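So that you can map any letter, position 62 of the sequence shown is 61 in numbering that gives the first Met the number 0, and since no number is skipped, the others follow by simple counting.
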Amino acid sequence: MSKQVTIESVRTEFRTDSKLVAKNPEKHESLKIKFLGRKGLVAKLFSQLSKVSDKDRPKHGKDLNNLKYEISTFFDKNKKNKAGSSTGPTDSTLPGPKFKIGYEHPLQKTLDDIKNIFKNLGFSIAYGPEVDDDFHNFSALNFPEEHPARDMQDTFFIEKDIVLRTHTSNVQVHLMEEEEPPLRYIVPGRVYRNESISFKSYCLFHQIEGLYVDKNVSFADHKAILEFFVKQMFGSNTKMRFRPSFFPFTEPSAEVDIWSEKSGQWLEILGSGMVDPEVFKSVNIDENIWSGFAFGLGVERICMLKYGIDDIRLLYQGDIRFLEQFK
Ligand code: PHE
């Protein structure tokens with residue numbers, strides 16, 4: 000049988016031991032268990048309470064509670080002191096902790112810059128679906144049935160006739176279906192192509208589509224707007240050229256290249272042209288009244304040119320060492 004204890008003996012023992020804690024803070028936990036643990040001395044005193052006579056029990060109980068109070072306050076207070084002392088005195092002259100803040104992604108920066116330039120020219124922003132049907136992504140844009148762009152190699156098919164859009168030009172069709180001209184929109188968004196991934200191509204990228212439809216819109220308007228855009232984006236001394244090209248939904252078509260001093264070559268940043276009358280026909284807009292131009296900017300291309308980035312994959316890896324350079 001374990002040795003009997005009394006309130007007095009436990010109190011004396013506690014008062015001796017508590018001095019020990021002051022000198023050896025690491026004893027704190029074991030002493031606390033010794034007195035306050037489930038099988039500790041205080042619990043033992045409580046279990047003996049039933050053996051105390053009815054007459055003495057109230058006083059005895061009160062004494063015991065007082066002891067318990069004394070012991071637990073001691074350990075509570077001691078714990079606080081311990082935590083406080085580990086921080087030490089405060090030196091208010093020390094620099095505060097550094098907070099890691101995020102940086103705007105270069106792609107987001109480029110997108111915002113492009114959007115602002117066109118907003119200042121009176122363009123509104125529209126969005127459209129990334130999953131679309133063959134009609135909006137291809138047929139309405141005058142892609143012949145056997146056109147290679149519909150080939151499995153370039154297009155991610157969701158189902159037969161449902162694709163991940165390969166360009167933002169699908170939204171040209173939606174806008175012209177839904178609204179009467181005049182139209183003046185830019186459409187930022189993601190596009191998807193099933194290309195092998197390398198430093199210059201990725202399975203998804205961003206485009207900003209532009210669509211301007213009104214009466215008497217000419218090729219000169221189209222040239223002027225795009226020239227203005229390039230000078231705003233890259234500076235007024237930028238060397239640029241319009242190069243004749245082909246798209247099924249524009250006629251005539253052009254691509255715009257920018258001279259890259261760094262790599263010593265022309266780099267393509269956008270495709271454009273006058274809206275093909277066939278496209279107007281497929282959305283029931285009278286091509287004898289309305290004319291217009293459209294363009295599609297490659298946001299990654301523009302971003303890479305602007306910031307001298309030589310691998311498109313860097314834009315998608317979220318590597319902090321890369322991103323930190325764009326503070
Ligand atoms: N959609 C074309 C592409 O992805 C770009 C383009 C848009 C060309 C609008 C002309 C007009 O290559």
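Beta carbons are placed, not taken as given, at the ideal position from N, Cα and C, and that holds for glycine.
Please read these numbers as outputs of a predicted model, since none were measured by experiment.
Counterpart residues of F245 in DSSP-defined beta bridges: In DSSP, F245 forms no bridge with anything.
Own chain, CB closer than 8 angstroms to T167, minus 5 neighbours either side, in chain order: G127, V186, P187, G188, V190, Q206, I207, E208, G295
Any non-hydrogen atom of the ligand PHE closer than 8 angstroms to E178 Cβ: no
Check whether T165 and N141 have beta carbons under 9 angstroms apart: no
Beta-carbon proximity list for F198, same chain, < 8 angstroms, skipping 5 on both sides: D309, D310, I311, R312
Same chain, Cβ closer than 8 angstroms to L110, five either side skipped, listed in chain order: P187, H205, I207, V298
G83 classed as buried or exposed, judged by whether at least 16 other C-beta atoms fall within 10 angstroms: Reliability of the predicted coordinates at G83 is poor, the pLDDT of 49 falling under 50, and no value is obtained from them.
With 16 other Cβ atoms within 10 Å as the buried cut-off, status of Y211: buried
Beta strand (DSSP E) runs wholly inside the stretch 256-298, at least 3 long, in chain order: 264-274, 290-297
E208 - containing beta strand (DSSP E), residue span: 203-213
Reduced DSSP category for G188 - H, G, I as helix; E, B as strand; rest coil: strand
L269 versus S259: straight-line alpha-carbon distance, rounded: 15 angstroms
Segments assigned alpha helix (DSSP H), at least 4 residues, entirely inside the stretch 50-127: 56-86, 105-119
Same chain, Cβ closer than 8 angstroms to T237, five either side skipped, listed in chain order: V229, K230, I257, W258
The stretch 277-284 contacting the stretch 170-184, beta-carbon criterion three pairs below 8 angstroms: yes
Beta-carbon gap between M239 and E226 smaller than 9 angstroms: yes
Distance between M232 and G307 (C-alpha atoms, nearest Å): 14 angstroms
Outcome for S328 when other beta-carbon atoms lying within 10 angstroms are tallied against a minimum of 16: With the chain covering only 0 through 326, there is no way to say anything about residue 328.
Run of the beta strand (DSSP E) containing V156, from where it starts to where it stops: Looking at the sequence provided, one finds Phe at residue 156 rather than Val. Segment 156-158, the beta strand (DSSP E) holding F156.
A125 CB to nearest heavy atom of the ligand PHE below 8 angstroms: no
Beta-bridge pairing of I161 - partner residues as DSSP gives them: D132, E158
Distance between I301 and F245 (C-alpha atoms, nearest Å): 21 angstroms
Among W265, K114, N169, the one whose alpha carbon lies nearest that of V255: W265
Reduced DSSP category for M0 - H, G, I as helix; E, B as strand; rest coil: In this prediction, M0 has a pLDDT of 48, which is less than 50 and means its spatial position is unreliable; nothing more can be read from the coordinates.
Helix, strand or coil at S17 according to DSSP, with G and I counted as helix: helix
Residue span of the alpha helix (DSSP H) that contains F228, given as start and end: 218-233
C-beta contact flag for K67 and V41 at 9 angstroms: yes
R192 beta carbon less than 9 angstroms from that of D132: no
Inter-residue Cα distance where the pair is R56 and K22: 37 angstroms
F294: CB within 8 angstroms of a non-hydrogen atom of the ligand PHE: yes
Helix, strand or coil at S195 [DSSP, three-state]: coil
Length of the line joining the Cα atoms of K78 and K58: 31 angstroms
Cut-off 6 angstroms between Cβ atoms - residues of its own chain near Y201, not counting five sequence neighbours on either side: I311
Heavy atom of the ligand PHE within 8 angstroms of V212 beta-carbon: no
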